[in-house]
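Worksheet: one structure, shown below.
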Amino acid sequence: MEERKTYRNLLRSGGYQQFSCRKKVGYGRVRRCDSNGGSGEVCAGLSSRLQEYKSENAQLEELLFVKRELRKSYEARIKQIQQDLSVFKNEVTRVKSNMAEALAIKNFKIEALVSATDGLRKQATISEGNLASLQEEGRNDQKIGKLCEYASKNPLCIPKISLAYLLVMDTIEFERIGIVKCLARLFAPIITDTAVLLFALENCALASKASGSGVVRGAGLGSGVIL
1 MEERKTYRNL LRSGGYQQFS CRKKVGYGRV RRCDSNGGSG EVCAGLSSRL QEYKSENAQL
61 EELLFVKREL RKSYEARIKQ IQQDLSVFKN EVTRVKSNMA EALAIKNFKI EALVSATDGL
121 RKQATISEGN LASLQEEGRN DQKIGKLCEY ASKNPLCIPK ISLAYLLVMD TIEFERIGIV
181 KCLARLFAPI ITDTAVLLFA LENCALASKA SGSGVVRGAG LGSGVIL
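Residue numbers for the sequence shown, in full-length UniProt numbering: 1 to 227.
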């Protein structure tokens, strides 16, 4: 295109006759006509155009170099971001693991607290049962105290008092209390008649043999008891 423009300019300026031309002679044969000095201008135009091409080429190479450097910086930035992302993923994994461990420890502590609470509830139930048993024993002790006081005031009513004592001890175990020894220890100081003492001990022995579970059942014996 530039060469065509140069030829057109030469034609317009009238330098066509001085420029080298080609003239066909016969079939495919061309005869050169030397110019009188117009080729120097063409060479100068081509040289200037070549310099422009070189300048444009240098600019393009510089732009390409800048693009390559920018690409390298982008690639380095992408690698850095990928590394940071990997570090963040590892940190998230570590935090999740720590959270799972902390949650497991908390669950274990909660289970331990629940177990301890259940144990305390069982102990409280047992303590309540023991308290009720102690209260019952206290009431029985009060009844026994009343019987002993009555026996000390009325020695002749000891047989009836012994039966009443058996009724009071209806729910007390013989192995733990030792009721025969207890009767002998309680009533021996106030009994002056040996026959009466033997009668009381026989009643205790019969009541002990009659209870198969080791507990005296005094149902039906309280008809003649005087309190």
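Every residue gets a Cβ at the ideal spot worked out from N, C-alpha and C, and that includes glycine.
Quick caveat, the model's predicted, so the values are computed rather than measured.
When the Cα atoms are used, what is the spatial distance from residue 127 to residue 144?
Spanning the two alpha carbons is a distance of roughly 25 Å.
By how many angstroms is the C-alpha of residue 81 removed from the C-alpha of residue 41?
Between residue 41 and residue 81, the C-alpha separation is close to 59 Å.
Roughly how many angstroms separate the alpha carbons of residue 58 and residue 94, rounded to a whole number?
Going by the C-alpha atoms only, they are around 54 Å apart.
In whole angstroms, give me the CA-to-CA distance for residue 90 and residue 76.
In a straight line, the C-alpha of residue 90 is about 21 Å away from that of residue 76.
In chain order, what residues of the same chain have a beta carbon less than 8 Å from the beta carbon of residue 117, not counting five sequence neighbours either side?
So the list is empty, once near-sequence residues are dropped.
To the nearest angstrom, how far is it from the Cα of residue 110 to the Cα of residue 133?
Between residue 110 and residue 133, the C-alpha separation is close to 34 Å.
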